[in-house]
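Position one of the sequence shown corresponds to residue 1 (our numbering), numbered consecutively onward.
Just so you know, even glycine gets a beta-carbon here, dropped at the ideal spot from N, CA and C.
Read the structure below first, then the notes.
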Amino acid sequence: MNIHKIIAIRQLTEHTFILQMERRNMPFLTGQFITIRRPGTIDQREYTVYSGEKDDVMEVLVREVNYGKVTPRLKKLKPGDQVEVDGPFGFFRFQPNMFPVQDFLFVATGTGISPFHSFVRTYPNLNYRLVHGVRYGNECYDHEHFEKERITLCTTGDQNGHFNGRVTDYLASQEINPETQCFLCGNSEMIQQAFDILSGKGVPVQNIYTEVYF
Ligand SMILES: Cc1cc2nc3c(=O)[nH]c(=O)nc-3n(C[C@H](O)[C@H](O)[C@H](O)COP(=O)(O)OP(=O)(O)OC[C@H]3O[C@@H](n4cnc5c(N)ncnc54)[C@H](O)[C@@H]3O)c2cc1C
Numbered sequence: 001m002n003i004h005k006i007i008a009i010r011q012l013t014e015h016t017f018i019l020q021m022e023r024r025n026m027p028f029l030t031g032q033f034i035t036i037r038r039p040g041t042i043d044q045r046e047y048t049v050y051s052g053e054k055d056d057v058m059e060v061l062v063r064e065v066n067y068g069k070v071t072p073r074l075k076k077l078k079p080g081d082q083v084e085v086d087g088p089f090g091f092f093r094f095q096p097n098m099f100p101v102q103d104f105l106f107v108a109t110g111t112g113i114s115p116f117h118s119f120v121r122t123y124p125n126l127n128y129r130l131v132h133g134v135r136y137g138n139e140c141y142d143h144e145h146f147e148k149e150r151i152t153l154c155t156t157g158d159q160n161g162h163f164n165g166r167v168t169d170y171l172a173s174q175e176i177n178p179e180t181q182c183f184l185c186g187n188s189e190m191i192q193q194a195f196d197i198l199s200g201k202g203v204p205v206q207n208i209y210t211e212v213y214f
């Protein structure tokens, strides 16, 4: 566990924010997560690193969960406060050179966009498509950090995205090159359904990588 000072909190929506903290030279591979806890408390939670491998600071994207044990308190942190950070952990790592075909599909629900933000920040010239599912169109967290024509925002609660419906409905309607490397991150229901849809379209299971948040 290392103590990292909070540098800034950037509110993206009423319930979602970026926590920016000191990096303190912590190494990580894009796609990995860290654990965060407030000093003097026992509850720690996992957060995928949102910033890029070469950034001087470390960022995570957090959604405040109603009645959650940890996130309402993280939301109240101020610049100068400290958090205990451990890691990095996890196998949802992304090293594009490993893939013979440079064709990537990133599928996220909610804050599951975080690893993809880090992938694209770390490797700016990727050939990717990002499908992001949220309830409302205003939850398009930092979409301006991605190339506009590569993103599809799927909304279930309003018509302010590119596609009205779940990411899985969108995926089901798309042609997918079976050689695409597919990365899925977010809630388990989406991941299970997207996995079935992609493998049903001929994507081999070894080309599908998953990170379940809850
Ligand atoms: C590998 C990994 C990486 C993660 N990365 C992130 C991340 O980058 N950003 C992030 O916000 N969360 C992330 N999470 C979830 C995070 O660790 C916590 O579970 C979440 O912040 C809730 O903590 P809490 O104590 O406030 O809620 P708790 O009191 O622990 O309540 C948990 C309940 O909240 C709901 N929940 C959990 N996460 C979310 C979410 N993101 N959106 C909506 N509902 C949720 C679930 O129903 C869950 O049962 C990740 C989880 C894992 C396993």
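Quiz item: Thinking just about the alpha-carbon of each residue, which of 58, 134, 146 is nearest to the one in residue 126?
Solution: Counting from one through the sequence shown, the residue named residue 126 turns up at place 126. Among 58, 134, 146, the Cα nearest to that of residue 126 is on 146.
Practice problem: Out of 50, 158, 72, 200, point me to the one whose CA is closest to residue 142's CA. | Solution: What you label residue 142 is simply residue 142 of the sequence shown in a count that begins at 1. That would be 50, whose Cα lies nearest to the Cα of residue 142.
Quiz prompt | Cα-Cα separation, residue 38 to residue 213 | solution = Within the sequence shown, the letter at position 38 stands for residue 38. Within the sequence shown, the letter at position 213 stands for residue 213. When rounded, the distance between both Cα atoms is 20 Å.
Quiz item: Is it true that the CB of residue 7 sits closer than 7 Å to the CB of residue 21?
Solution: Within the sequence shown, residue 21 is the residue found at index 21, counting from 1. Within the sequence shown, residue 7 is the residue found at index 7, counting from 1. Cβ distance < 7 Å, so residue 21 and residue 7 count as in contact.
Quiz item: Among 74, 190, 206, 188, which has the Cα closest to the Cα of residue 10?
Solution: Along the sequence shown, one-based indexing puts residue 10 at 10. Minimum Cα distance to residue 10 is reached at 74.
Quiz prompt | Euclidean distance between Cα positions of residue 192 and residue 82 | solution = The residue you call residue 192 lines up with position 192 of the sequence shown. The residue you call residue 82 lines up with position 82 of the sequence shown. Straight-line Cα distance between these residues: approximately 37 Å.
Quiz prompt | Of the listed residues 3, 115, 87, nearest to residue 106 (C-alpha basis) | solution = For the purposes of this step, residue 106 is taken as the residue at position 106 of the sequence shown. Among 3, 115, 87, the Cα nearest to that of residue 106 belongs to 115.
Quiz prompt | Backbone secondary structure at residue 61 - three-state DSSP | solution = Position 61 of the sequence shown holds residue 61. Here residue 61 sits in strand by DSSP.
Quiz item: Mind checking residue 188: buried by the 16 CB within 10 Å criterion, or exposed?
Solution: Translated into the one-based positions of the sequence shown, residue 188 becomes position 188. So residue 188 ends up on the exposed side.
Practice problem: For residue 40, collect the residues of the same chain with a Cβ closer than 7 Å to its Cβ; drop the 5 residues on either side in sequence, then sort them by chain order. | Solution: Counting from one through the sequence shown, the residue named residue 40 turns up at place 40. Within the same chain, residue 40 has no close Cβ partners at all.
Quiz item: Can you tell me where the beta strand (DSSP E) with residue 153 in it begins and where it stops?
Solution: Residue 153 sits at position 153 when you count from the first residue of the sequence shown. First-last of the beta strand (DSSP E) with residue 153: 151-155.
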